[in-house]
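K.L.:
Residue numbers (UniProt numbering): 1 to 265. C-beta atoms are modelled at their ideal positions from N, C-alpha and C, and glycine is treated no differently.
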């Protein structure tokens with residue numbers, strides 16, 4: 001569940017109050033998960049590196065052709081910076097590019113989310129490592145819990161709340177905590193606004209909220225389109241396309257910014 005969510009069906013709280021109310025968890029357990037709604041973009045690393053090199057050398061060629069460098073010594077610092085960038089890209093290409101058919105495909109697999117893991121044959125729910133596309137060049141991975149059972153599977157869980165013996169105010173956190181995430185990924189947790197931002201901006205995504213009462217009653221809400229903006233825009237929520245039986249309490253919050261117990265930002 002993103003921080004700009006409400007659960008009015010169960011509690012009557014607005015999206016802001018969900019972050020600051022602890023007693024609701026005594027009545028309902030909540031699980032929210034993000035899932036890409038389009039097939040993955042099948043762009044190989046080789047294509048990415050080739051495109052990067054093309055832009056780099058085109059920029060260097062324009063730089064030289066326009067007469068900014070009239071000799072080997074003129075403005076050498078700018079030229080060297082381009083060459084340094086080329087060296088850096090070459091080193092990354094060597095790191096990720098297959099050099100031999102004998103290399104295991106598993107060693108090259110860098111799934112961007114749980115949907116891509118599901119498509120590759122991973123169909124058991126649990127903790128997996130993914131590489132969001134905006135971070136792959138820096139080799140920054142992210143451990144997530146993948147729900148491979150609910151509604152076809154492939155869901156990247158971004159929040160779980162339930163009876164895990166936490167204090168009732170456990171989710172009463174400040175801005176920085178919600179920014180980076182907190183909790184136990186196999187129990188109750190918040191994945192982090194920065195992580196949710198990169199996941200929902202690498203391709204179109206949907207979101208599903210699953211709620212279960214202590215008496216076993218279950219409800220859910222599904223939204224076809226879900227993404228948030230970055231921190232500079234206070235993680236503004238964009239959500240639409242409701243279906244389900246939990247009631248639509250999120251569409252009215254679309255385009256609103258995140259609030260924590262400290263307010264926005």
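Whole angstroms are fine: how far does the CA of residue 88 sit from the CA of residue 134?
P.N.:
So the two alpha carbons sit approximately 17 angstroms from each other.
K.L.:
If you draw a straight line from the C-alpha of residue 161 to the C-alpha of residue 80, how long is it?
P.N.:
52 angstroms
K.L.:
According to DSSP, is residue 157 helix, strand or coil?
P.N.:
Strand.
K.L.:
So which of 168, 181 and 255 has the shortest CA-CA distance to residue 228?
P.N.:
255
K.L.:
Give me whichever residues DSSP pairs with residue 129 in a beta bridge.
P.N.:
143
K.L.:
Ordered along the chain, which non-local residues of its own chain (more than five positions away) have a Cβ less than 6 angstroms from that of residue 131?
P.N.:
110 and 141
K.L.:
Going by alpha carbons, who is nearest to residue 149 out of 226, 245 and 126?
P.N.:
Among 226, 245 and 126, the Cα nearest to that of residue 149 belongs to 126.
K.L.:
Compare the C-alpha of residue 246 against each of 232, 237, 234 and 223 and name the closest.
P.N.:
223
K.L.:
Please report the distance separating the alpha-carbon of residue 191 from that of residue 84.
P.N.:
So the alpha carbons of these two residues sit roughly 35 angstroms apart.
K.L.:
I'd like to know whether the C-beta atoms of residue 143 and residue 129 end up nearer to each other than 7 angstroms.
P.N.:
Here residue 143 is near residue 129, since their CB atoms are less than 7 angstroms apart.
K.L.:
Within 8 angstroms, do at least three Cβ pairs link the segment 225-240 to the segment 191-208?
P.N.:
yes
K.L.:
Leaving aside the five residues before and after residue 243 along the sequence, list all residues of the same chain whose C-beta is less than 7 angstroms from its C-beta, in chain order.
P.N.:
Taken in chain order, the residues that qualify are 222.
K.L.:
On the DSSP bridge list, what partners appear for residue 210?
P.N.:
31 and 220
K.L.:
Short of 7 angstroms in beta carbon distance, which residues of its chain neighbour residue 136, apart from the five on each side in sequence? Order them along the chain.
P.N.:
110
K.L.:
Please state whether the Cβ-Cβ distance between residue 210 and residue 31 is less than 7 angstroms.
P.N.:
yes
K.L.:
Here's the rule I'm using: 16 or more other beta-carbon atoms within 10 Å means buried, otherwise exposed. How should residue 216 be labelled?
P.N.:
exposed
K.L.:
Going by DSSP, name the residue or residues bridged to residue 116.
P.N.:
DSSP lists no partner for residue 116.
K.L.:
If I measure Cβ to Cβ from residue 120 and keep anything under 8 angstroms in the same chain, skipping five residues before and after, which residues do I get?
P.N.:
109 and 111
K.L.:
Using only the alpha-carbon positions, how far apart do residue 179 and residue 214 sit?
P.N.:
Whole-angstrom Cα-Cα distance: 30 angstroms.
K.L.:
Tell me the DSSP bridge mates of residue 183?
P.N.:
189
K.L.:
Please classify residue 195 as buried or exposed, where buried requires at least 16 neighbouring CB atoms within 10 angstroms.
P.N.:
buried
K.L.:
For residue 240, name the three-state secondary structure that DSSP assigns.
P.N.:
In the three-state scheme derived from DSSP, where H, G and I count as helix and E and B as strand, residue 240 is classed as strand.
K.L.:
So which of 116, 208, 252 and 184 has the shortest CA-CA distance to residue 151?
P.N.:
208
K.L.:
Apply the 10 Å Cβ neighbour rule to residue 36 and answer buried if 16 or more other Cβ atoms are within range, or exposed otherwise.
P.N.:
Result: buried.
K.L.:
Cα-Cα, which of 182, 173 and 249 is closest to residue 159?
P.N.:
182
K.L.:
Leaving aside the five residues before and after residue 166 along the sequence, list all residues of the same chain whose C-beta is less than 7 angstroms from its C-beta, in chain order.
P.N.:
188
K.L.:
If you draw a straight line from the C-alpha of residue 234 to the C-alpha of residue 240, how long is it?
P.N.:
19 angstroms
K.L.:
What does the Cβ neighbour count give for residue 169, buried or exposed, with the cut at 16 atoms within 10 Å?
P.N.:
exposed
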